[in-house]
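Numbering (full-length UniProt numbering), first residue to last: 1 to 449.
Built from N, CA and C at the ideal position, the CB exists for glycine as well.
Nothing here was measured: the structure is a model prediction, and the numbers come from that model.
Report on one structure; see the data block that follows.
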């Protein structure tokens, strides 16, 4: 139902004769304010025309939604409306404030700077004690830069920032002691540090980091972390002793990558990727140290990104880790990277290996009959899953190396994705060298040693 039809229905219901049903006009004012909160800011103001009772309800609605509307042909008209709206609201308390619009969505798009207004709207939401604030504003060409001033709020619990640029002062959340949930998506993070003593859940997805320095992330009370698909220099994670679950995914746009060596610093002047090492602040662990307190961990990286392999030089002990998922980034030097990780995670009982469908990501590993000097610790492992596409040549190599280093084959399950149709087939491994049970007739043949 469109908002306009909803408003008409409100009006007709409030004046209807008694039918034994609860009419919207019989609801208390607090309930009506929440109904008004379902509308955009402009539509909420329009409810003042319904009756005298509705005239001022919108002023104290607990949710303020500044979103595109057909009544705003230009960005300037939206700015003017919101300015008057905030004056008439007179700092009435808010539960939540949502600022969400794309400048290119306006019918008659005219460029009009919105940075000062967004900063004003954001500060207004904070002063109205909003517990949830969401800012998603898309400006063509360059992202909108939010004011570089810190937030101070005893009430803010959830903050979502999307498609904007943020700098140092704004991401210092020491002035927000109640903030627990922080989501940053599609944002250019031009800051040397993101810090919060209170945040428990952090999502950084599809963001960009500065190419000249490594951003530090300091969130000591974090419980869950999702860091994925960013571009620029990999941020460094400080200690997070309360961490339970973490997922880190490094895409091909990560600047910590090299096509020549496993660990970067190849010394090739023609390698444009390795110059990132010049901005690393000394030698040391960038990601793994901060993740070492987790119990469930996902580590994914495009094969040329060396950040996880770099960190293994200073691999910390994962004393609480129980569930581990990795992809093909470890497939170098006879999988010694995976062996090192398992050696430092003695309690892992479930290991999942995901192999990318793109075979060009394959990093050659030595196919040797000699076992690794560093053996795989399999004592605590109860389940080992290998997920790959049917016909992936890397599967045989992985199984061979695991077998040579004492892996109990009865604990290994291979899940192969059929090309047509795409689905998983479960392959229980009974004994190395025996034909496996699969929906594919050639599955056993492809994995013979």
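Is the beta carbon of residue i within less than 6 Å of some heavy atom of the ligand ATP?
| i | result |
| --- | --- |
| residue 47 | Among the components modelled here there is no ligand, and therefore nothing to report on the ligand ATP. |
From which residue to which residue does the beta strand (DSSP E) around residue i run?
| i | result |
| --- | --- |
| residue 351 | 350–354 |
| residue 162 | 158–162 |
| residue 389 | 383–389 |
| residue 79 | That residue, residue 79, is in no beta strand (DSSP E); its alpha helix (DSSP H) goes 75–89. |
| residue 308 | Premise fails: residue 308 lies in the alpha helix (DSSP H), 307–311, not in any beta strand (DSSP E). |
| residue 302 | No beta strand (DSSP E) contains residue 302, which DSSP labels as neither H nor E. |
| residue 195 | 193–195 |
| residue 218 | 216–218 |
| residue 416 | 412–417 |
| residue 134 | 132–138 |
| residue 248 | 245–250 |
| residue 181 | 181–185 |
| residue 190 | 188–190 |
From what residue to what residue does the alpha helix (DSSP H) around residue i run?
| i | result |
| --- | --- |
| residue 397 | 394–404 |
| residue 127 | 115–127 |
| residue 289 | 288–291 |
Flag this pair as yes or no: are the beta carbons of residue i and residue j separated by less than 7 Å?
| i | j | result |
| --- | --- | --- |
| residue 231 | residue 253 | yes |
| residue 293 | residue 235 | no |
| residue 287 | residue 311 | yes |
| residue 355 | residue 305 | no |
| residue 97 | residue 130 | yes |
| residue 102 | residue 72 | no |
| residue 37 | residue 63 | yes |
| residue 173 | residue 179 | yes |
| residue 194 | residue 227 | no |
| residue 481 | residue 416 | Lying before the first or after the last residue shown, residue 481 is absent from the chain, which here runs from 1 to 449. |
| residue 163 | residue 184 | no |
| residue 347 | residue 380 | yes |
| residue 206 | residue 229 | yes |
Please classify residue i: is it buried, with 16 or more other beta-carbons within 10 angstroms of its beta-carbon, or exposed?
| i | result |
| --- | --- |
| residue 298 | buried |
| residue 345 | buried |
| residue 142 | exposed |
| residue 314 | exposed |
| residue 40 | buried |
| residue 406 | exposed |
| residue 300 | buried |
| residue 248 | buried |
| residue 50 | buried |
| residue 190 | buried |
| residue 117 | buried |
| residue 233 | buried |
| residue 217 | buried |
| residue 429 | Residue placement at residue 429 is poorly supported in this model, since its pLDDT is 41, which falls under 50; the coordinates still yield a value, given next. Buried is the call here. |
| residue 149 | exposed |
| residue 153 | buried |
| residue 55 | exposed |
| residue 140 | exposed |
| residue 165 | buried |
If you run the structure through DSSP and keep just helix, strand and coil, what is residue i?
| i | result |
| --- | --- |
| residue 226 | strand |
| residue 336 | helix |
| residue 202 | strand |
| residue 165 | strand |
| residue 294 | coil |
| residue 175 | helix |
| residue 237 | strand |
| residue 101 | strand |
| residue 72 | coil |
| residue 330 | helix |
| residue 426 | Unreliable positioning characterises residue 426 in this predicted model, as indicated by a pLDDT of 46, which lies under 50. The coordinate reading is nonetheless provided below. It is a strand residue. |
| residue 14 | The predicted position of residue 14 is uncertain, since its pLDDT is 48 and thus under 50; no value can be drawn from it. |
| residue 144 | strand |
| residue 231 | strand |
| residue 93 | coil |
| residue 325 | strand |
| residue 362 | Bear in mind that a pLDDT of 42 at residue 362, under 50, signals an unreliable position, so the number given afterwards is only what the model happens to contain. Residue 362 falls in the coil class under three-state DSSP. |
| residue 372 | Because residue 372 sits at a pLDDT of 48, beneath the cut-off of 50, its placement in the model cannot be relied upon, and the point is left open. |
Is the Cβ of residue i closer than 7 Å to any Cβ of chain B?
| i | result |
| --- | --- |
| residue 120 | Within the model displayed, chain B is absent; a lone protein chain is all it includes. |
Segments assigned beta strand (DSSP E), at least 3 residues, entirely inside the UniProt domain "F-box" (21–67): 63–66
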